[in-house]
Amino acid sequence: MTQHVVIIGAGIVGVSAAIWLRRAGAEVTLVDRSEPGRGTSHGNGGVLAAAGVAPVTGPGLLRKAPGMLRDPEFPLFLRWPYVPRLLPWLRRYLSHANDADTRRISRSLAPIVADSVAQHKALCADLGLEDWVRDSDYCFAYTNRAAFEAEAYTWARRKDAGFTPEIIEGGAVQEFDLAYGPQITCVARLADHGFIADPGGYVRALAKAFEAMGGTIRQADVQDVEITGGRATAVLTDQGSLPCDSVLLATGVWSKPLMQKLGVNVPLESERGYHIVFKAAQGGPSRPTMMAAGKFVATPMTEGLRCAGIVEFGGLKAGASKAPLALLRRQAKAAFPHLTATEEIEWLGHRPAPSDSLPLIGQIGTSRIYTAFGHHHIGLTGGPKTGRLIAGLITGQPPNTDLTPYHPQRFDR
Ligand SMILES: Cc1cc2nc3c(=O)[nH]c(=O)nc-3n(C[C@H](O)[C@H](O)[C@H](O)COP(=O)(O)OP(=O)(O)OC[C@H]3O[C@@H](n4cnc5c(N)ncnc54)[C@H](O)[C@@H]3O)c2cc1C
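Each residue of the sequence shown is one higher than the one before, counting from 9 in this note's numbering.
Pasting the structure below:
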């Protein structure tokens with residue numbers, strides 16, 4: 009019998025799962041309270057960060073964090089009134105800032121991200137969307153060699169995952185890309201990466217292709233899941249009930265309340281991030297570049313140069329803060345001194361950050377309620393692979409990847 013799957017959340021993760029589930033023959037309804045690709049998947053840096061295996065919580069973070077917060081040039085911000093609510097999550101998060109956990113997290117992220125470009129191409133194959141996925145380098149720009157070497161631990165984790173950079177130094181840097189200002193004297197270049205030049209548009213194109221494959225899209229706010237005899241039987245929305253055999257929560261940073269209703273406590277926070285699009289920009293880099301000092305990525309996109317980054321803790325409700333945007337703007341202009349734009353567009357987004365930096369991919373008990381959220385910095389990169397893995401699980405074709413590290417109930421143990 010054909011099973012009916014309702015997917016909640018039409019970001020990159022939900023849309024990818026929807027396509028793979030249709031390919032496996034399931035009847036699929038994708039429900040979102042907004043248009044597809046308007047959540048975090050809209051405003052990210054667009055990088056298919058195949059080497060993105062190193063979590064923020066590296067060894068030594070605890071020692072360095074107070075200095076980072078005091079440094080007006082460091083892109084870490086706290087909204088102080090939110091701190092009491094943040095503390096339980098923050099304690100758990102910082103408890104992973106050690107060598108053993110960092111290596112374990114890196115090993116667990118690798119299967120989700122390392123073949124990202126191939127996974128995006130596989131997702132788009134036969135849908136006429138292959139042109140959305142652009143092959144490129146992914147560069148990391150440093151003020152000098154010492155700054156690169158100071159990140160040796162992180163580079164060792166990337167090397168463990170199979171990624172070793174080519175180092176470009178001195179005068180060769182500006183020959184490599186004229187956009188870099190004179191303070192950049194060392195670039196670490198990773199080949200075999202990629203980017204999406206309009207991440208929100210890409211998700212909407214995938215959603216359209218899903219509809220053309222016979223999938224259904226509904227706009228509604230999901231409030232709960234109906235469970236009968238221990239199994240999911242319907243998704244309850246403000247527009248009525250959607251009967252189903254299985255449910256997939258692909259609700260990104262907004263997953264916590266629904267998980268709570270299902271009796272599963274998830275230490276999930278918003279790691280707030282920002283972008284500025286320099287519209288119709290001239291003088292930006294020709295490939296995605298992580299500016300190491302400012303920890304923001306500059307990606308040449310369809311509408312202009314998008315500079316995306318910043319880590320701010322302050323919850324989901326507060327609007328954008330001024331200081332992070334001012335820092336991002338200042339650092340972007342310093343990095344690319346010849347940058348011009350017709351307009352500057354600002355955006356605040358919410359990275360879905362579980363306290364152990366690993367996504368939640370799996371089934372809750374035997375309820376036929378599945379999860380695919382919590383992708384933190386790597387959701388665009390790992391969305392298609394996640395969608396493929398979870399579609400296999402839902403349709404009874406378990407993947408040959410060990411999903412234990414991503415178990416949605418791991419925090420209850
Ligand atoms: C500044 C910044 C830069 C980033 N750069 C990169 C990058 O370069 N590369 C990379 O790989 N990742 C990057 N990321 C991370 C990436 O954007 C996210 O991990 C990813 O978009 C998460 O996708 P998602 O599908 O899980 O969530 P989302 O895209 O947020 O989708 C979740 C959807 O669920 C819907 N929803 C939630 N609750 C309900 C409900 N109750 N009822 C109905 N609908 C609901 C929402 O409306 C939303 O559309 C960046 C993030 C930020 C903030």
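Each residue gets a CB set at the ideal place from its N, CA and C atoms; glycine is no exception. Nothing here was measured: the structure is a model prediction, and the numbers come from that model.
Quick check: Lys303 and Pro83, are their CB atoms within less than 8 Å of each other? Taking the sequence shown and counting its residues from 1, the one referred to as residue 303 is at position 295. Taking the sequence shown and counting its residues from 1, the one referred to as residue 83 is at position 75. The answer is yes: Cβ separation under 8 Å.
Thr374 classed as buried or exposed, judged by whether at least 16 other C-beta atoms fall within 10 angstroms: Mapped onto the sequence shown, residue 374 falls at position 366. Exposed.
Closer than 7 Å: Gly281 CB and nearest ligand 1 heavy atom: Along the sequence shown, read from residue 1 onward, the residue named residue 281 stands at position 273. Yes, the Cβ of Gly281 comes within 7 Å of a heavy atom of ligand 1.
Could you say which of Glu219, Met221, Leu270, Phe218 lies nearest to Val243 if we only look at CA atoms? Translated into the one-based positions of the sequence shown, residue 243 becomes position 235. If we check each option's Cα against that of Val243, Leu270 comes out closest.
Taking 8 Å as the threshold (C-beta atoms), are Ile15 and Leu411 in contact? The residue you call residue 411 lines up with position 403 of the sequence shown. The residue you call residue 15 lines up with position 7 of the sequence shown. In this structure, Ile15 does not lie closer than 8 Å to Leu411 by Cβ.
Can we count Thr379 as close to ligand 1, meaning its CB is less than 7 Å from some heavy atom? On the sequence shown, residue 379 is found 371 positions in, with the first residue counted as 1. Flag unset: Cβ of Thr379 not near ligand 1.
Determine whether the beta carbon atoms of Gly66 and Thr224 lie at a separation below 8 Å. The residue you call residue 66 lines up with position 58 of the sequence shown. The residue you call residue 224 lines up with position 216 of the sequence shown. No, the Cβ-Cβ distance between Gly66 and Thr224 is not below 8 Å.
Going straight from the alpha carbon of Ala32 to that of Ala155, what length do you get? For the purposes of this step, residue 32 is identified with residue 24 of the sequence shown, where counting begins at 1. For the purposes of this step, residue 155 is identified with residue 147 of the sequence shown, where counting begins at 1. Those two C-alpha atoms are separated by around 48 Å.
Just checking Ser116 against ligand 1 - is the residue's beta carbon closer than 7 Å to any of the ligand's heavy atoms? Here residue 116 refers to the residue found at position 108 when the sequence shown is read from its first residue. False, no ligand heavy atom lies under 7 Å from that Cβ.
Please report how far the alpha carbon of Thr350 lies from the alpha carbon of Trp140, in whole angstroms. Taking the sequence shown and counting its residues from 1, the one referred to as residue 350 is at position 342. Taking the sequence shown and counting its residues from 1, the one referred to as residue 140 is at position 132. Answer to the nearest angstrom: the Cα atoms are 25 Å apart.
Pairwise C-alpha distance: Phe381 and Ser263: Taking the sequence shown and counting its residues from 1, one reaches residue 263 at position 255. Taking the sequence shown and counting its residues from 1, one reaches residue 381 at position 373. Ser263 and Phe381: Cα-Cα distance of roughly 7 Å.
Measure the Cβ-Cβ separation of Leu137 and Ser24 and say whether it is below 8 Å. What you label residue 137 is simply residue 129 of the sequence shown in a count that begins at 1. What you label residue 24 is simply residue 16 of the sequence shown in a count that begins at 1. Taking 8 Å as the Cβ cut-off, Leu137 and Ser24 do not qualify as a contacting pair.
Quick one: what does DSSP say Lys422 is sitting in, helix, strand or coil? Absent from the model: residue 422. The displayed extent of the chain is 9 to 421, so no value can be given.
What do you reckon, are the CB atoms on Val297 and Cys147 nearer than 8 Å? The sequence position of residue 297 within the sequence shown is 289, counting from 1. The sequence position of residue 147 within the sequence shown is 139, counting from 1. Reading off the sequence, residue 297 comes out as Thr, not Val. In this structure, Cys147 lies closer than 8 Å to Thr297 by Cβ.
Suppose you measure from the CA of Gly370 to the CA of Leu333; what does that come to, to the nearest Å? Residue 370 sits at position 362 when you count from the first residue of the sequence shown. Residue 333 sits at position 325 when you count from the first residue of the sequence shown. Put simply, the backbone Cα of Gly370 is about 36 Å away from that of Leu333.
Closer than 7 Å by C-beta to Leu135: which residues in its own chain qualify, once you throw out the five before and the five after it? Chain order, please. Counting from 1 along the sequence shown, the entry for residue 135 is found at position 127. Correct list, in chain order: Ala217.
Check for me: the alpha helix (DSSP H) holding Phe218 runs from which residue to which? As a working mapping, residue 218 is identified with position 210 in the sequence shown. Looking at the DSSP string, the run of the alpha helix (DSSP H) that includes Phe218 is 207 to 220.
What ranges does the beta strand (DSSP E) occupy inside the stretch 330 to 393, keeping only unbroken runs of at least 3 residues that lie completely in it? Note on the stretch 330 to 393: whole beta strand (DSSP E) runs with a minimum of 3 residues are 352 to 362, 368 to 371, 377 to 381, in chain order.
Ordered along the chain, which non-local residues of its own chain (more than five positions away) have a Cβ less than 6 Å from that of Glu354? As a working note, residue 354 is residue 346 in the sequence shown. In chain order, Ile284, Leu333 place their CB closer than 6 Å to the CB of Glu354, counting only its own chain and leaving out the 5 sequence neighbours on each side.
Proximity below 8 Å, CB of Val230 to CB of Thr245: Here residue 230 refers to the residue found at position 222 when the sequence shown is read from its first residue. Here residue 245 refers to the residue found at position 237 when the sequence shown is read from its first residue. With respect to Thr245, Val230 sits close: the two C-beta atoms are nearer than 8 Å.
Distance, Cα to Cα, Leu95 vs Ala118? By 1-based counting over the sequence shown, the position of residue 95 is 87. By 1-based counting over the sequence shown, the position of residue 118 is 110. Using only the alpha carbons, I get a separation of about 29 Å.
Could you check which residue in Gly208, Val64, Leu186, Phe171 has the C-alpha nearest to that of Tyr105? Taking the first residue of the sequence shown as 1, we reach residue 105 at position 97. It should be pointed out that residue 105 corresponds to Ala in this sequence rather than to Tyr. It is Val64 whose Cα lies nearest to the Cα of Ala105.
Flag this pair as yes or no: are the beta carbons of Val305 and Glu279 separated by less than 8 Å? Taking the sequence shown and counting its residues from 1, one reaches residue 305 at position 297. Taking the sequence shown and counting its residues from 1, one reaches residue 279 at position 271. No, the Cβ-Cβ distance between Val305 and Glu279 is not below 8 Å.
From what residue to what residue does the alpha helix (DSSP H) around Arg100 run? For the purposes of this step, residue 100 is taken as residue 92 along the sequence shown, with counting starting at 1. 91 to 102 is the extent of the alpha helix (DSSP H) around Arg100.
By DSSP's criteria, Lys287 is part of a beta bridge. Which residues make up the other side? Taking the sequence shown and counting its residues from 1, the one referred to as residue 287 is at position 279. In DSSP, Lys287 forms a bridge with Gly312.
Please check the pair Thr151 and Ala301, which I expect to be a contact at CB under 8 Å, by giving their CB distance rounded to whole angstroms. Translated into positions along the sequence shown, residue 151 becomes position 143. Translated into positions along the sequence shown, residue 301 becomes position 293. Indeed, because the Cβ distance is near 6 Å, the residues count as touching under 8 Å.
Residues near Thr348 by beta carbon distance below 7 Å, same chain, minus five either side: Taking the first residue of the sequence shown as position 1, residue 348 is located at position 340. The answer, listed in chain order, is Ala289, Gln290, Gly291.
When you compare only the Cα positions, how much space is there between Ile372 and Tyr282? The residue given as residue 372 occupies position 364 in the sequence shown. The residue given as residue 282 occupies position 274 in the sequence shown. Roughly 33 Å between the two C-alpha positions.
Collapsed DSSP secondary structure at Glu43 in the structure displayed: Sequence index remark: in the sequence shown, residue 43 carries index 35 (1-based). In this structure, DSSP gives Glu43 a state outside helix and strand, which the three-state scheme calls coil.
So which of Arg30, Trp28, Thr37, Gly22 has the shortest CA-CA distance to Ser249? The residue you call residue 249 lines up with position 241 of the sequence shown. Answer by Cα proximity: Thr37.
Shorter than 7 Å, the distance from the beta carbon of Trp262 to the closest heavy atom of ligand 1, or not? Residue numbering aside, residue 262 sits at position 254 when the sequence shown is read from its first letter. At a cut-off of 7 Å, the beta-carbon of Trp262 counts as near ligand 1: some heavy atom of the ligand is closer than that.
By DSSP, does Asp185 sit in helix, in strand, or in coil? Working through the sequence shown from its first residue, we reach residue 185 at position 177. Three-state DSSP puts Asp185 in coil, outside helix and strand.
Start and end residues, beta strand (DSSP E) containing Val61: For the purposes of this step, residue 61 is taken as the residue at position 53 of the sequence shown. Here Val61 belongs to no beta strand (DSSP E), and DSSP marks it neither H nor E.
Three-state secondary structure (DSSP) of Thr236: Counting from one through the sequence shown, the residue named residue 236 turns up at place 228. Correct three-state label for Thr236: strand.
Please report the straight-line C-alpha distance between Ile398 and Gln182, rounded to a whole angstrom. By one-based count along the sequence shown, residue 398 stands at place 390. By one-based count along the sequence shown, residue 182 stands at place 174. Approximately 44 Å, taken between the alpha carbons.
Close Cβ partners of Thr379 (< 6 Å) along its chain, the five nearest in sequence each way excluded: Here residue 379 refers to the residue found at position 371 of the sequence shown. Counting only Cβ-Cβ distances below 6 Å, and skipping sequence neighbours, we find Leu257, Leu368, Pro416.
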